[in-house]
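Position 773 of the sequence shown, counted from 1, bears residue number 1926 in the numbering used here, the numbering being contiguous throughout. Everything below concerns the one structure shown next.
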Amino acid sequence: MSTARLAAHADLPGVEQLLEPGALSALHGEDLSLLRGRLKPGASALVAHCQVAAAADADADADVDADAARGPSPEGIGWTLLIASPHKRDGVLRRAARSGAEVHEHTCPADGPFLLSGGLEADPRLGRLVHRVLRSLRQTPRVLSYNPARHLVLHLPQTGQVVRIATRPLDDLLHVTRCWIALGVPTIAQRPWRRRSSVLVSEHWGTGDLAHHAQHRRALRAAEAAGAALSQLHDAAVAADELPEARLGERIPATLPEIAALLPEQAPAVHRLGRLLRDRLPEHPRTGLIHGDLSPDQVLLDLQDTGSLPQIRVIDLDRSGHGPLGADLGSWLAACLSADTPELGAALLAGYARAGTPPEADELAAWTARALLAGAVDPVRRFRTDWPILVGRRLELAAAILEDPAHLTKALSAAPRGDRGAPVAATGPIAPAVATDSAATDPAAPVVPAAPGAATDPAVAVVPERVLADGAVWAVDRAWPHDGRGIPLELRAEDPEDPEDTADTADTADTGNAEDPAERTDSATARRGPRGARLDPETGEVTVFAPGTDPRLPGLARCLDAHPDAEVVSHRPGKRAVVRVPAAGEQGERYVKIVRPGRAQRLRDALTSAASFDGSFRLQQEITADEDSVTTAALAGRTLHEGLPLEDGVWRRAWRETLTAWAQALAAGPVTPPEGAVHGPAEESAVLESWRDRARLVDPLGSDLRERAIEAARRELGRLTAPERPALIHRDLHDKQILHAPGLAPGLLDVDTAVLGDPALDLANLRAHASWRELQGIWNAEHARIAREEIDAAALRARIPAATLAAYESGTLARLTCVYAFRPRWRALARELAADLRPAPGAPPVAPDDLLHTPDERTVTT
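The following block contains the structure:
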């Protein structure tokens, strides 16, 4: 029954062959045992396995020599992958061919899914490095740990070394290891292998880990020593900015949606646990240098040492960094409770308390519950046949601890069970289903659990990174402020990597007619483009609209029905959507902007009022319109956001032509505004204040940084006076709104934001976005430098004072820290930007005379 559940969850024909040892052995023609695996519903299933004979040999070696590595030889380890995408299949085969490794392609349907298998040297992500390492060794290593497409750990018995091979650079691991050693906390030094930071070498130390020796007579003393070492680590005075952030994941574990999908009968209880956890976790916990994933199997001990406290070494620091101190204690306690070794948990707390101060009982309980939930799917990933019972047990324990922190004390003081390892069945649902009225808006829309970051309280609502819906994982591309019906979300189907989706999806090129073309996806898994959704900040649940629909934008479904080949380019739920209609017959490519019924006339009026931009710029030309949509012809060209070539001056010429067209449009526009209709520094300051309040709702962690940045920008804006020569400006001008096509005037998008205002604001917007694109890594330093040079030259020609440009630019940058707080992919970077925008203590104010300086007299900086 448990295998059938996993197969149904995986949603891949033939996946049963990978989930059961007997079927996998029959597939390979040899006895195999399953080690671990990962499932991506509808996309891929990847498992690691070991020859039963190789495992038996390893156990025999350990019986002969207690210090021998217990792992099998590399020849006995392999992997099997079932993957839906032919492109990913081809990628696996191509990479294996480069290193000469053999990948076996099993018989499968012509259209997939495709079944591949191989050894360590053919691993989909690690293969080439593993090949190089193994070929360089003059001894037979033993495999200590293998997570396919993630990492491999080898023991070299003859030289007494351990080699860790990873798919990513381990520079942060090297850095925090040096910090641990400098602080005197017992760990093992690491060094790169042949200057490769993704391969590290260390000493093989001790006689095993504490989890393996949990029943040894000295195990409790070793746990006490680990507690003392942890307290020493937590009490260390290490500046946070010297450390990477601990890799803890989101505040609310990403495992919750997966558990709800695996055990639908537990979904209401899982949702409730997420809400309880958010309420219980402290908003501002004590932070410092932490391990990040502490458990008894991360503590090595030397049983040959006869001292009063055994010698220990804490290992696996790849998640270590700056983070909440309580997370380490909770991680350890959760591991001990899950393994039925509560005495090790109590011993670590005793050692910690002798050297430091543990968190309060409520906080300790919350972090323990969080760790239980984060690790609840471990039995699934390790193919325990009784995983439904084990997962249910962890959910039940987490619920009990969250409801009553005293339950944690009782659990730690309980005597260990005699039938160690025997699972205890959950006694039923953890809690009743949570009622929701979110379906009232759209009865056809499924209500699904949000991935990490979903909210339970409007004061701490955080936009999730991913949402589970329709058996698939959807990434949250963008979100917008609460509109009275929830927080609007734009979702895209994740494009599984081979086989892991480990990298952010890159911004994709477009013809430039989308509201935000560079942030959409062309994935075949999202045939009709992104989907709309809403996050309920009261419950943390996400309502996902059916593809190509929006209850408040009926024109969206009507447009897609009329044009079966059309694709949604962008979708802001409840407000607008942009649909690309491909060329057909004599009709060229078109774009349809869809708004709420009765509001299309506003778009048409905006195009008319922005007529002064037409001529110097190419504008979208209306083809047809109705009450809720406007169809325009596609504009040729590529957005400046994409970063044109630097060769032959193409990039500089594109910017110069754009800024020349901008100056011409300003000269052609109206100069006598109606009373009170000019957008100047006061109006921009009010915009900043509004965005500050909106961002606080979704990213409370960055609030203090943004607050300081915004206040500094508002002070600079407050020094400016209303513009003496207002003009018709775009007001939201940035690189995604401008298209370049050789031989044509620059294209300009979204002129519905145009108002009479201070021309300096348009140039400041462009300049701020140039710096932001460089920080994002979308542009290189040269692209950003040239853009700023051309913008500064345009400001000089327009006689815009440098201080005025700098004040508006500081406002735009501060606003970007708020806007990108709504975009999970860029949230952390937006916080970094906010930190960089803080004024230095004691920095002198801008002198009044500086307002008279032009860019050639005073450097404009950010």
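Glycine included, every Cβ here is placed at the ideal spot set by N, Cα and C. If you're wondering where the values come from, they're calculated on a predicted model, not measured in any experiment.
Can you round the beta-carbon distance between residue i and residue j to whole angstroms, since I take them to be within the 8 Å contact cut?
{"i": "Asp1703", "j": "Pro1683", "result": "Between Pro1683 and Asp1703 the Cβ distance is about 11 Å, and since that is not below 8 Å, they are no contact."}
{"i": "Arg1847", "j": "Cys1971", "result": "7 Å"}
{"i": "Ala1880", "j": "Leu1819", "result": "4 Å"}
{"i": "Trp1232", "j": "Leu1282", "result": "Going by Cβ atoms, the distance from Trp1232 to Leu1282 rounds to 15 Å, so no, they are not a contact pair."}
{"i": "Glu1183", "j": "Gln1204", "result": "6 Å"}
{"i": "Gly1476", "j": "Ala1420", "result": "At roughly 29 Å, the Cβ-Cβ gap does not stay under 8 Å, so Gly1476 and Ala1420 are not in contact."}
{"i": "Arg1743", "j": "Thr1784", "result": "5 Å"}
{"i": "Arg1976", "j": "Arg1631", "result": "5 Å"}
{"i": "Leu1192", "j": "Leu1159", "result": "7 Å"}
{"i": "Asn1918", "j": "His1893", "result": "Going by Cβ atoms, the distance from Asn1918 to His1893 rounds to 18 Å, so no, they are not a contact pair."}
{"i": "Arg1963", "j": "Leu1990", "result": "The amino acid at residue 1963 is misidentified as Arg; the sequence shows Ser. About 7 Å; that satisfies the 8 Å criterion."}
{"i": "Leu1386", "j": "Tyr1505", "result": "That pair is no contact at about 10 Å."}
Can you tell me which of the options puts its alpha carbon nearest to the alpha carbon of residue i?
{"i": "Thr1340", "options": "Ala1506, Gly1195, Cys1332", "result": "Cys1332"}
{"i": "Thr1510", "options": "Glu1228, Glu1985, Gly1380", "result": "Gly1380"}
{"i": "Val1168", "options": "Leu1185, Ser1186, Pro1690, Pro1194", "result": "Pro1194"}
{"i": "Arg1705", "options": "Leu1234, Leu1426, Ile1542, Pro1641", "result": "Pro1641"}
{"i": "Gly1896", "options": "Arg1303, Arg1791, His1887, Ala1736", "result": "Arg1791"}
{"i": "Thr1312", "options": "Ser1355, Lys1728, Ala1553", "result": "Ser1355"}
{"i": "Pro1512", "options": "Pro1435, Arg1984, His1922", "result": "Pro1435"}
{"i": "Arg1404", "options": "Ala1414, Leu1969, Pro1853", "result": "Pro1853"}
{"i": "Ala1224", "options": "Ala1163, Leu1235, Val1306", "result": "A quick correction: the sequence has Gly, not Ala, at residue 1224. Per the Cα distances, Val1306."}
{"i": "Leu1543", "options": "Arg1507, Leu1561, Leu1565, Asp1493", "result": "Asp1493"}
{"i": "Gln1740", "options": "His1716, Ala1207, Ser1155, Pro1750", "result": "His1716"}
{"i": "Gly1855", "options": "Arg1428, Glu1810, Arg1980, Pro1558", "result": "Arg1980"}
{"i": "Ala1553", "options": "Trp1808, Val1256, Leu1858, Arg1425", "result": "Arg1425"}
{"i": "Leu1373", "options": "Leu1246, Ala1499, Leu1756, Thr1440", "result": "Ala1499"}
{"i": "Leu1409", "options": "Asn1300, Gly1545, Ala1699", "result": "Gly1545"}
{"i": "Ala1375", "options": "Pro1310, Glu1274, Val1452, Arg1547", "result": "Val1452"}
{"i": "Pro1735", "options": "Glu1795, Val1697, Ala1786, Asp1779", "result": "Ala1786"}
What does the alpha-carbon distance come out to for the pair residue i and residue j?
{"i": "Pro1899", "j": "Trp1804", "result": "13 Å"}
{"i": "Ile1882", "j": "Leu1526", "result": "52 Å"}
{"i": "Leu1797", "j": "Arg1806", "result": "10 Å"}
{"i": "Gly1528", "j": "Arg1938", "result": "46 Å"}
{"i": "Gly1175", "j": "Ala1987", "result": "55 Å"}
{"i": "Ala1480", "j": "Gly1802", "result": "53 Å"}
{"i": "Ala1302", "j": "Pro1277", "result": "6 Å"}
{"i": "Ala1956", "j": "Arg1978", "result": "32 Å"}
{"i": "Ala1407", "j": "Leu1234", "result": "23 Å"}
{"i": "Leu1901", "j": "Glu1842", "result": "28 Å"}
{"i": "Ala1821", "j": "Arg1861", "result": "39 Å"}
I'd like the list of long-range same chain contacts for residue i, defined as Cβ closer than 6 Å, with 5 residues on each side in sequence excluded.
{"i": "His1724", "result": "Glu1643, Pro1683, Gly1685, Ala1730"}
{"i": "Ala2025", "result": "In the structure as shown, the chain begins at 1154 and stops at 2015. Residue 2025 is therefore absent and cannot be evaluated."}
{"i": "Pro1876", "result": "Gly1833, Asp1911"}
{"i": "Leu1456", "result": "Thr1360"}
{"i": "Cys1261", "result": "Phe1267, Leu1268"}
{"i": "Arg1926", "result": "Trp1932"}
{"i": "Gln1817", "result": "Ser1769"}
{"i": "Ala1789", "result": "Ala1894"}
Ends of the alpha helix (DSSP H) at residue i?
{"i": "Glu1775", "result": "First-last for Glu1775: 1775-1779, but that is the beta strand (DSSP E), not the alpha helix (DSSP H)."}
{"i": "Ser1155", "result": "1155-1163"}
{"i": "Ile1412", "result": "1408-1415"}
{"i": "Trp1333", "result": "1324-1336"}
{"i": "Glu1398", "result": "Careful: Glu1398 lies outside any alpha helix (DSSP H) and carries neither H nor E."}
{"i": "Thr1562", "result": "1559-1566"}
{"i": "Gln1170", "result": "1169-1172"}
In its own chain, which residues sit with a C-beta less than 7 Å from the C-beta of residue i, not counting the 5 before and 5 after it?
{"i": "Ala1814", "result": "Ser1769, Phe1770, Ala1898, Pro1899"}
{"i": "Ala1503", "result": "Glu1377, Gly1380"}
{"i": "Val1721", "result": "Arg1681, Gly1682, Pro1683, Gly1701, Ala1730, Val1732"}
{"i": "Val1904", "result": "Ala1759, Leu1760, Ala1763, Phe1766, Leu1772, His1883"}
{"i": "Glu1837", "result": "Leu1870, Leu1914, Tyr1961, Gly1964"}
Which two residues bound the contiguous beta strand (DSSP E) that contains residue i?
{"i": "Asn1300", "result": "1295-1300"}
{"i": "Cys1261", "result": "No beta strand (DSSP E) contains Cys1261, which DSSP labels as neither H nor E."}
{"i": "Ala1198", "result": "1197-1204"}
{"i": "His1893", "result": "1891-1893"}
{"i": "His1240", "result": "Note, His1240: premise wrong, no beta strand (DSSP E); alpha helix (DSSP H) at 1239-1251."}
{"i": "Ala1721", "result": "Reading off the sequence shown, one finds Val at residue 1721, where the question assumed Ala. Its beta strand (DSSP E) spans residues 1720-1725."}
Consider the C-beta atom of residue i and the heavy atoms of the ligand ADP; say whether any pair is separated by less than 8 Å.
{"i": "Gly1910", "result": "Annotation note on the ligand ADP: not contained in the displayed structure, which lists no ligands."}
Spatial neighbours of residue i within its chain, please: C-beta separation below 8 Å, excluding the five flanking residues on both sides.
{"i": "Pro1611", "result": "With a pLDDT of 36 at Pro1611, under the threshold of 50, the predicted position of this residue should be treated as unreliable, and no value is reported."}
{"i": "Gly1483", "result": "Leu1517, Ala1519, Trp1520, Thr1521, Ala1522, Arg1523, Ala1524"}
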